[in-house]
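With this note's numbering applied, the sequence shown covers 15 to 101. The C-beta atom is built at its ideal place from N, Cα and C for all residues, glycine as well. Note that the structure is a prediction, hence the values are computed from the model and not measured. The structure appears below as structure tokens.
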Amino acid sequence: MVTPASSVAARRSWGSALREAMRPPSLKRSAIAAGVVGTTLLIANLGGRLVAEPFTVGLAVKVFLTYAVPWGNATVGIAMGLREQDA
């Protein structure tokens, strides 16, 4: 069965959803999630190295990614939710 185009809800574009996910309220939620998840992962995966080894550029990159990946995941999750909300 073919549905007329006027009755199909328009889904928000990825660009629009990502712009909305980058607004301060959404960024705050993403930052909180990244802080909790990133700290847990940092302690579990790199805790011993942070205490026992010198802080190198390579270790700094790993620490950065430990927080950046959960932040990106949470931000994309918000954008996906916004797209589904409009569908």
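Counted within 10 angstroms of its Cβ, other Cβ atoms place residue i as buried (16 or more) or exposed
i	result
Thr70	exposed
Gly62	exposed
Gly95	exposed
Ser27	exposed
Ser21	Because the pLDDT at Ser21 is just 46, under 50, the model does not fix this residue reliably, and the point stays unresolved.
Ala93	buried
Gly52	buried
Pro39	exposed
Check whether residue i and residue j have beta carbons under 7 Å apart
i	j	result
Tyr81	Ala48	yes
Arg25	Asp100	yes
Is there contact here, the region 28–36 with the region 86–99, by at least three beta-carbon pairs under 8 Å?
A contact exists between the region 28–36 and the region 86–99.
Please go through the region 29–94 and give each complete alpha helix (DSSP H) segment of 4 or more residues, from N-terminal end onward.
Within the region 29–94, the complete alpha helix (DSSP H) runs of at least 4 residues are 38–55, 61–66.
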